[in-house]
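Counting along the sequence shown from 1, when you hit position 32 you're at 32 in full-length UniProt numbering, and nothing is skipped either side.
Note that the Cβ used here is the ideal one computed from N, Cα and C, for glycine as well.
Single-structure report; data block below.
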Amino acid sequence: MSNTIYIKNMVCPRCISSVSRIMNKLNIKYNIIELGEVDLTNELSPKNKNLISVELQNEGFSLVNDRKSQLIEQMKNLVIEKIHHSTEDTDLKWADIISRELNLDYKYLSSLFSSVESITFEQYIINQKIERVKELIVYDEMTLSEIAFQLHYSSVAYLSNQFKKVTGMTPTQFKKSVDKNRKFLDEI
1 MSNTIYIKNM VCPRCISSVS RIMNKLNIKY NIIELGEVDL TNELSPKNKN
51 LISVELQNEG FSLVNDRKSQ LIEQMKNLVI EKIHHSTEDT DLKWADIISR
101 ELNLDYKYLS SLFSSVESIT FEQYIINQKI ERVKELIVYD EMTLSEIAFQ
151 LHYSSVAYLS NQFKKVTGMT PTQFKKSVDK NRKFLDEI
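Next up, the structure:
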């Protein structure tokens with residue numbers, strides 16, 4: 001039996017801290033907490049599972065119980081980790097990353113994602129990248145060329161076209177706009 005529990009809506013290091021506080025509050029021992037999952041040292045009793053579920057819901061999280069939902073959460077967390085929290089430079093394609101990390105066929109995972117989330121996995125990746133672009137534009141610490149390079153766009157023109165297609169405005173228009181219209185990562 002696996003001692004890993006999967007948690008929906010964990011999208012940042014603060015989420016990890018929040019879940020860590022919950023586990024410590026409930027005196028539930030764990031080995032490691034990562035985006036979307038907690039590796040427990042022992043199997044969880046039904047009583048503790050209920051306690052965790054209630055505490056998680058109070059913080060805006062929820063337990064993921066079925067295998068398909070777990071796979072989708074793992075896919076989302078990998079995308080968020082690579083786009084928003086990683087500085088590693090990789091030439092790998094998303095299909096290779098996802099199938100390697102989850103040890104399943106990419107076509108199956110992509111199809112599963114689309115059937116449950118009502119958007120393609122590729123569109124989810126694009127939406128996450130555009131949110132990261134918005135964040136970096138708001139910070140105003142990098143040029144658009146540097147942002148394009150960091151997020152592995154082939155050119156500034158490609159980034160700009162994709163940005164406009166998703167947001168309805170160019171990166172320059174976005175930068176000048178009063179309403180930055182950013183989204184929470186778990187709402188993308």
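- Out of VAL19, PHE163, LEU71, TYR6, the CA that lies nearest to the CA of GLN123 is found in PHE163.
- Take the alpha-carbon of HIS152 and the one of SER145: they are about 11 Å apart.
- Shown here, ASN65 sits in coil according to DSSP, grouped into three states, outside any helix or strand.
- Counting only residues of its own chain and dropping the five nearest sequence neighbours on each side, SER18 has a CB closer than 6 Å to the CB of GLU59.
- A straight line joining the alpha-carbon of LYS49 with that of TYR158 spans about 46 Å.
- ASN3 has its alpha-carbon roughly 19 Å from the corresponding atom of GLU101.
- In the structure shown, the three-state DSSP call for LEU92 is coil.
- Under the DSSP assignment, TYR106 falls in the alpha helix (DSSP H) whose first and last residues are 106 to 117.
- Taking the CA atoms as reference points, LYS93 sits about 24 Å from GLU187.
- Separation of ILE83 and GLU135 (C-alpha to C-alpha, rounded to the nearest whole angstrom) is 12 Å.
- The distance from the Cβ of ILE5 to that of LEU63 is about 6 Å, consistent with a contact at the 8 Å cut-off.
- When only Cα atoms are considered, ILE130 and ARG67 end up about 29 Å apart.
- Boundaries of the beta strand (DSSP E) harbouring TYR30: 30 to 34, taken from the DSSP string.
- With contact defined as three or more Cβ pairs closer than 8 Å, the segment 25 to 43 and the segment 70 to 80 are in contact.
- By the CB criterion at 8 Å, PHE184 and ILE137 fall outside the cutoff.
- Put simply, the backbone Cα of HIS85 is about 16 Å away from that of ILE126.
- Here THR167 carries a helix assignment [DSSP, helix/strand/coil].
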